[in-house]
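There are 2 protein chains.
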Amino acid sequence: MTGDGSRARRPGGRTRQVTERLSAAALDILAEKGVDGLQYEELAARAKVGRATVYRRWSNRDDLLRDVLARFAEASVPIADTGDVVHDLTTFLHAFAEASATPTGRAVLQILLRRVDEGGGLHRMGLELLDRRTDDLQRRLDRAAEAEQLPPVDAPFVNMMLAGPVQWFVLRRSRPFTLTDAREIVELVVAGLWRNHRD
Amino acid sequence: MTGDGSRARRPGGRTRQVTERLSAAALDILAEKGVDGLQYEELAARAKVGRATVYRRWSNRDDLLRDVLARFAEASVPIADTGDVVHDLTTFLHAFAEASATPTGRAVLQILLRRVDEGGGLHRMGLELLDRRTDDLQRRLDRAAEAEQLPPVDAPFVNMMLAGPVQWFVLRRSRPFTLTDAREIVELVVAGLWRNHRD
Numbered sequence: 001m002t003g004d005g006s007r008a009r010r011p012g013g014r015t016r017q018v019t020e021r022l023s024a025a026a027l028d029i030l031a032e033k034g035v036d037g038l039q040y041e042e043l044a045a046r047a048k049v050g051r052a053t054v055y056r057r058w059s060n061r062d063d064l065l066r067d068v069l070a071r072f073a074e075a076s077v078p079i080a081d082t083g084d085v086v087h088d089l090t091t092f093l094h095a096f097a098e099a100s101a102t103p104t105g106r107a108v109l110q111i112l113l114r115r116v117d118e119g120g121g122l123h124r125m126g127l128e129l130l131d132r133r134t135d136d137l138q139r140r141l142d143r144a145a146e147a148e149q150l151p152p153v154d155a156p157f158v159n160m161m162l163a164g165p166v167q168w169f170v171l172r173r174s175r176p177f178t179l180t181d182a183r184e185i186v187e188l189v190v191a192g193l194w195r196n197h198r199d
Numbered sequence: 001m002t003g004d005g006s007r008a009r010r011p012g013g014r015t016r017q018v019t020e021r022l023s024a025a026a027l028d029i030l031a032e033k034g035v036d037g038l039q040y041e042e043l044a045a046r047a048k049v050g051r052a053t054v055y056r057r058w059s060n061r062d063d064l065l066r067d068v069l070a071r072f073a074e075a076s077v078p079i080a081d082t083g084d085v086v087h088d089l090t091t092f093l094h095a096f097a098e099a100s101a102t103p104t105g106r107a108v109l110q111i112l113l114r115r116v117d118e119g120g121g122l123h124r125m126g127l128e129l130l131d132r133r134t135d136d137l138q139r140r141l142d143r144a145a146e147a148e149q150l151p152p153v154d155a156p157f158v159n160m161m162l163a164g165p166v167q168w169f170v171l172r173r174s175r176p177f178t179l180t181d182a183r184e185i186v187e188l189v190v191a192g193l194w195r196n197h198r199d
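One line per chain: the protein sequences are F and Z, in this order.
Sequential numbering of the first sequence, starting at 1, is according to the UniProt record's numbering.
Sequential numbering of the second sequence, starting at 1, is according to the UniProt record's numbering.
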């Protein structure tokens with residue numbers, strides 16, 4: 001990903017390096033201190049830049065958080081298209097489990113869980129993030145339906161049936177979530193979708 | 001439910017009334033202030049009893065929390081047996097959604113989500129609570145398998161496939177979770193379980 005429009009003076013050069021360093025530092029802080037702990041001052045110190053540099057990139061904390069969370073979600077949970085939808089959903093679920101089990105992933109889940117009572121802005125941001133990923137998933141599911149690997153299905157429902165169990169599993173954390181676990185969930189859901197489609 | 005063994009001097013009388021009042025007050029505090037906010041002093045004040053009365057019932061905070069959470073789970077999410085497993089699981093899921101959407105329910109979910117980093121005692125308590133409910137569910141699923149309404153299945157897996165999506169839905173809170181939503185999930189999972197069983 002290149003600089004997000006905010007005065008990229010020398011694209012690919014120092015500006016990009018600084019952005020990468022800031023993003024990495026922001027994810028570290030998020031992991032250690034949660035959403036409330038992500039503040040400009042500490043972010044600047046960790047990335048070894050001036051505070052003005054951070055403000056120039058993100059003029060408010062919401063933009064900063066939105067950008068960092070989107071980078072985290074896209075980098076850690078890609079939705080591939082190898083032509084085999086069961087395989088791709090299995091990989092997607094496994095990556096989602098791994099990301100959810102990290103401290104940063106848990107901080108992201110907390111945004112969804114905690115914030116609606118405290119104004120709702122952060123919670124809404126978490127939902128926007130989910131919606132963006134759901135659009136990606138819908139495109140993959142539509143291609144699978146064209147290839148007759150799935151009946152026509154809605155991504156929000158499928159996402160709930162796949163990601164919900166994984167989140168449940170990860171919260172219990174009694175053992176690591178494996179590719180075999182992911183495949184068992186995907187196969188059950190795909191079988192159920194066909195069955196309900198035929199009824 | 002009767003007094004739980006802790007010096008019930010006059011069962012069904014004042015002792016029971018006090019226990020009910022304490023439990024109700026504890027759930028209120030949990031809903032308002034989360035797990036950390038549940039303290040003896042405020043609990044005694046709200047239930048209009050002396051602090052010594054609270055200590056006599058629960059000599060430490062872990063026992064207090066464990067007892068209050070168990071009451072909450074059993075009262076709010078019963079697992080019935082009407083003879084029709086799809087109906088009973090639908091009712092169970094709907095009740096789980098309603099309970100999860102309450103402030104107390106969200107506080108319980110937070111126990112699972114937050115505490116493993118901070119010593120793990122509370123997190124373990126949440127898991128114990130889940131295990132107890134899973135045992136109840138296993139008994140219901142076993143009866144369904146005897147009646148050939150389901151293949152033989154493991155309650156932890158089924159619980160994950162049912163409760164996971166509901167928790168996911170509730171976290172998004174874009175609209176209320178209905179009985180129709182519950183039925184759609186149960187029917188997909190039951191169909192998938194049969195299909196995977198036959199393969």
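C-beta atoms are modelled at their ideal positions from N, C-alpha and C, and glycine is treated no differently.
The residue from F/T91, F/V85, F/V18 and F/N60 with its alpha-carbon nearest to that of F/R140 is F/V85. The beta carbon of Z/G83 sits no closer than 9 Å to any beta carbon of chain F. Fewer than three pairs of CB atoms, one per stretch, sit closer than 8 Å, so the segment 69-89 of chain Z makes no contact with the segment 43-51 of chain Z. As for any alpha helix (DSSP H) of minimum length 4 sitting wholly inside the UniProt DNA-binding region "H-T-H motif" (39-58) of chain Z, the runs are 40-47 and 51-57, ordered along the chain. Of all residues in the segment 158-182 of chain Z, those with a C-beta nearer than 9 Å to a C-beta of chain F are N159, M160, M161, L162, A163, G164, P165, V166, Q167, W168, F169, L171, R172, R173 and S174, reading in chain order. Here DSSP, grouped into helix, strand and coil, assigns F/F177 to coil.
In this structure, Z/Q138 is the residue among Z/A145, Z/Q138, Z/L122 and Z/F169 with its C-alpha nearest to the C-alpha of Z/N159.
Here the C-alpha atom of F/A31 lies approximately 25 Å from the C-alpha atom of Z/P165. Rounded to whole angstroms, Z/R132 and Z/V189 show a C-alpha spacing of 22 Å.
Taking CB atoms only, Z/G121 has no neighbour in chain F less than 9 Å away. Annotated as distal: F/D136 and F/P152, with beta-carbon spacing of 9 Å or more. The three-state reading of DSSP puts F/I185 in helix, counting H, G and I together. Z/L127 reaches chain F at R172, counting residues in chain order whose Cβ is nearer than 7 Å. Inclusion of Z/S174 and F/L69 in the CB contact set at 9 Å is not warranted, their separation being larger than that value. For Z/L27, the uninterrupted alpha helix (DSSP H) segment begins and ends at R14 to K33.
Following the DSSP letters along the chain, one finds F/G83 in no alpha helix (DSSP H), marked with neither H nor E. DSSP places F/D131 inside the alpha helix (DSSP H), whose first and last residues are G121 to E146. Residue-level contact check: F/I185 touches chain Z, since one or more beta carbons of chain Z fall below 9 Å from its beta carbon.
Among the residues of the segment 187-198 of chain Z, those with a Cβ less than 9 Å away from any Cβ of chain F are E187, L188, V189, V190, A191, G192, L193, W194, R195 and N196, in the order of the chain. Z/L179 sits exposed, since fewer than 16 C-beta atoms from the chains shown fall within 10 Å of its C-beta.
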